[in-house]
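**Student:** Quick note on numbering: the sequence shown equals residues 514 to 583 in the working numbering. The C-beta atom is built at its ideal place from N, Cα and C for all residues, glycine as well. Questions regarding the structure given below will be posed in turn.
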Amino acid sequence: MKKSGRSLVEQSALQSVIDNARRSAEAGYPDFAADDPATFDADFIVQREREGMSLTSALEALVAFKRAQR
Numbered sequence: 514m515k516k517s518g519r520s521l522v523e524q525s526a527l528q529s530v531i532d533n534a535r536r537s538a539e540a541g542y543p544d545f546a547a548d549d550p551a552t553f554d555a556d557f558i559v560q561r562e563r564e565g566m567s568l569t570s571a572l573e574a575l576v577a578f579k580r581a582q583r
């Protein structure tokens, strides 16, 4: 099994952000991504997962997107 390089706490925190964003999206809450970078990141990842990407691919896509925005 490949080691991710993240601690259990980091993995849990990331999963918590993703789960919260998913619940908010499913409940139809407004998108606050424009005002909150963490929410934007979670929303970006959730959307990519809905498109069929793995979590790893979604994170890589987010990093590529952020680098392109600089």
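1. What I want to know is whether the C-beta of R536 ends up closer than 6 Å to one or more non-hydrogen atoms of the ligand MN.
2. Can you name the start and end residues of the alpha helix (DSSP H) that D556 belongs to?
3. What do you reckon, are the CB atoms on D556 and A571 nearer than 7 Å?
4. In or out: R583 buried (at least 16 other Cβ within 10 Å) or exposed?
5. Using a Cβ-Cβ cutoff of less than 7 Å, which residues in the same chain neighbour S520 once the five nearest sequence positions on both sides are dropped?
6. Does A526 come within less than 7 Å of chain B when only Cβ atoms are used?
**Tutor:** Answer, in terms of the structure:
1. Only the bare structure without any ligand can be found here, which leaves the ligand MN out of the picture.
2. Taking the first residue of the sequence shown as 1, we reach residue 556 at position 43. Counting along the chain, the alpha helix (DSSP H) containing D556 begins and ends at P550 to R563.
3. Your numbering for residue 556 matches position 43 in the sequence shown. Your numbering for residue 571 matches position 58 in the sequence shown. No, the Cβ-Cβ distance between D556 and A571 is not below 7 Å.
4. Reading the sequence shown from its first residue, position 70 is the one you call residue 583. Counting Cβ neighbours within 10 Å, R583 comes out exposed, since fewer than 16 surround it.
5. The residue you call residue 520 lines up with position 7 of the sequence shown. Hits under 7 Å: none found.
6. Of the protein chains in the structure, only one exists, and it is not chain B.
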